[in-house]
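Numbering (this note's numbering), first residue to last: 1301 to 1666. Below: the structure, in structure tokens.
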Ligand code: FNR
């Protein structure tokens, strides 16, 4: 269907399912084991309800924000998703171009199909990009990647800590990663590809299973970029990092990991009680990802204390079906949804969206 018939982010998924090669659909859509966490990522948002305000002059509403001190046109960033060329010959560059046009921040994955430099070269002057790191067993490789990223102007280092081993994504494992596939993995991130077990396992054998809390000091010694841990990590604040993404990797890692939005409620309550912090907080920023498909999902996370949320699959699906224009459309849809829902909530800026504006009693911390 023509792009103007796309009304929401779910539409991109339905179309991608029809147009993507079977292997790409399996890799993009799959989640771990019985995919319960993947479903829960969506379901958890359905348990949170709004308490809107009225009569507040919402002629002008503004949902722009700052993420780690950098301007973003909305409280959403493009989360790192590997292997963009499975879906479209231009791979991650579709995201870079659309992000540039719409003032959105892109997180570049270690396992991108395009090389890191290609993705940075495609950015416009001043465009903000983050880097997602899978930590290599060979720390010399990791150090080089990190310092190269910093040297090229990347503004934040997101270390993925929920994937000492990649989860069993069985849809994907049933597809063999074939000889013609190496072109979808750039050499900058990975090496040692085992082709017998689906894309996810094939590309991930270099990841260090021994990574632990103590190693964070080393990361702080090799870079000045703010470090954010991607994956549910309660100890993160005490370890002195700049923030954490409450993420279960789109349900692709530990099945029965809880949803990021539920964990957010718990983390905010704990950090308030134990460390006296309030959120959103400039010094320690909380992000959430997994299952976000509507601006209302994002606004719930904002109300509960998140600085911004990450969106993964919808952007993959949008460029798989329509290239860069698809990503632009996805971003525009979110902008339209923000405008309308901010008005209906009675919020002129994100600062107006306070915890009292949601009823999260169905998920209050345990
Ligand atoms: C991912 N994700 C991911 N995360 C990461 O840290 N490094 C990676 O290489 C990847 N690769 C990847 C590939 C694909 C196909 C998907 C769907 C996801 C996880 C991603 O950053 C994010 O946490 C989730 O995608 C968020 O969930 P939604 O928005 O896809 O529901």
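Glycine included, C-beta positions come from ideal geometry on N, C-alpha and C.
Report the CB separation of residue i from residue j in whole angstroms; it is logged as a contact under 8 angstroms.
{"i": "residue 1379", "j": "residue 1612", "result": "4 angstroms"}
{"i": "residue 1348", "j": "residue 1658", "result": "5 angstroms"}
{"i": "residue 1603", "j": "residue 1609", "result": "With a Cβ gap of about 12 angstroms, residue 1603 and residue 1609 do not count as contacting."}
{"i": "residue 1599", "j": "residue 1352", "result": "Rounded, the Cβ-Cβ distance is 10 angstroms, inconsistent with contact."}
{"i": "residue 1605", "j": "residue 1560", "result": "With 8 angstroms as the limit, residue 1605 and residue 1560 do not qualify as a contact, their Cβ atoms being about 12 angstroms apart."}
{"i": "residue 1432", "j": "residue 1410", "result": "6 angstroms"}
{"i": "residue 1388", "j": "residue 1623", "result": "6 angstroms"}
{"i": "residue 1500", "j": "residue 1466", "result": "5 angstroms"}
{"i": "residue 1539", "j": "residue 1513", "result": "6 angstroms"}
{"i": "residue 1631", "j": "residue 1398", "result": "6 angstroms"}
Please state whether the Cβ-Cβ distance between residue i and residue j is less than 8 angstroms.
{"i": "residue 1556", "j": "residue 1337", "result": "yes"}
{"i": "residue 1547", "j": "residue 1462", "result": "yes"}
{"i": "residue 1531", "j": "residue 1585", "result": "no"}
{"i": "residue 1508", "j": "residue 1437", "result": "yes"}
{"i": "residue 1429", "j": "residue 1406", "result": "yes"}
{"i": "residue 1413", "j": "residue 1445", "result": "no"}
{"i": "residue 1567", "j": "residue 1534", "result": "yes"}
{"i": "residue 1247", "j": "residue 1394", "result": "Past the boundaries of the shown model lies residue 1247; the chain is included only from 1301 to 1666, so the question cannot be answered."}
{"i": "residue 1634", "j": "residue 1332", "result": "no"}
{"i": "residue 1420", "j": "residue 1372", "result": "no"}
{"i": "residue 1457", "j": "residue 1527", "result": "yes"}
{"i": "residue 1316", "j": "residue 1475", "result": "no"}
{"i": "residue 1594", "j": "residue 1358", "result": "no"}
{"i": "residue 1579", "j": "residue 1374", "result": "no"}
{"i": "residue 1663", "j": "residue 1562", "result": "yes"}
{"i": "residue 1367", "j": "residue 1607", "result": "yes"}
{"i": "residue 1365", "j": "residue 1564", "result": "no"}
{"i": "residue 1549", "j": "residue 1455", "result": "no"}
{"i": "residue 1484", "j": "residue 1459", "result": "no"}
{"i": "residue 1381", "j": "residue 1422", "result": "no"}
{"i": "residue 1320", "j": "residue 1618", "result": "no"}
{"i": "residue 1363", "j": "residue 1642", "result": "yes"}
{"i": "residue 1386", "j": "residue 1443", "result": "no"}
{"i": "residue 1341", "j": "residue 1551", "result": "yes"}
{"i": "residue 1629", "j": "residue 1355", "result": "no"}
{"i": "residue 1469", "j": "residue 1661", "result": "no"}
{"i": "residue 1345", "j": "residue 1597", "result": "yes"}
{"i": "residue 1525", "j": "residue 1625", "result": "no"}
How far does the alpha helix (DSSP H) with residue i in it reach, from first residue to last?
{"i": "residue 1615", "result": "1613-1645"}
{"i": "residue 1442", "result": "1439-1451"}
{"i": "residue 1430", "result": "Taken as a continuous stretch (DSSP letters only), residue 1430 belongs to no alpha helix (DSSP H), being part of the beta strand (DSSP E) at 1429-1433."}
{"i": "residue 1521", "result": "1515-1522"}
{"i": "residue 1318", "result": "1309-1319"}
{"i": "residue 1337", "result": "1336-1343"}
{"i": "residue 1393", "result": "1393-1402"}
Tell me residue i's beta-bridge partners as DSSP assigns them.
{"i": "residue 1607", "result": "Bridge partners of residue 1607: none, in fact."}
{"i": "residue 1376", "result": "1609"}
{"i": "residue 1370", "result": "1367"}
{"i": "residue 1350", "result": "1658"}
{"i": "residue 1407", "result": "1430"}
{"i": "residue 1507", "result": "1436"}
{"i": "residue 1476", "result": "Answer is none; residue 1476 lacks a bridge partner."}
{"i": "residue 1458", "result": "1432 and 1528"}
{"i": "residue 1568", "result": "Residue 1568 pairs with nothing; no bridge assigned."}
{"i": "residue 1585", "result": "1543"}
{"i": "residue 1362", "result": "1649"}
Does any C-beta atom of chain D lie closer than 8 angstroms to the C-beta of residue i?
{"i": "residue 1642", "result": "Looking at the structure shown, chain D is missing, and only one protein chain is on hand."}
Got a sec, what are the start and stop residues for the beta strand (DSSP E) residue i sits in?
{"i": "residue 1328", "result": "Careful: residue 1328 lies outside any beta strand (DSSP E), inside the alpha helix (DSSP H) at 1322-1329."}
{"i": "residue 1652", "result": "First-last for residue 1652: undefined, no H or E at that position."}
{"i": "residue 1417", "result": "No beta strand (DSSP E) holds residue 1417; the alpha helix (DSSP H) holding it covers 1416-1421."}
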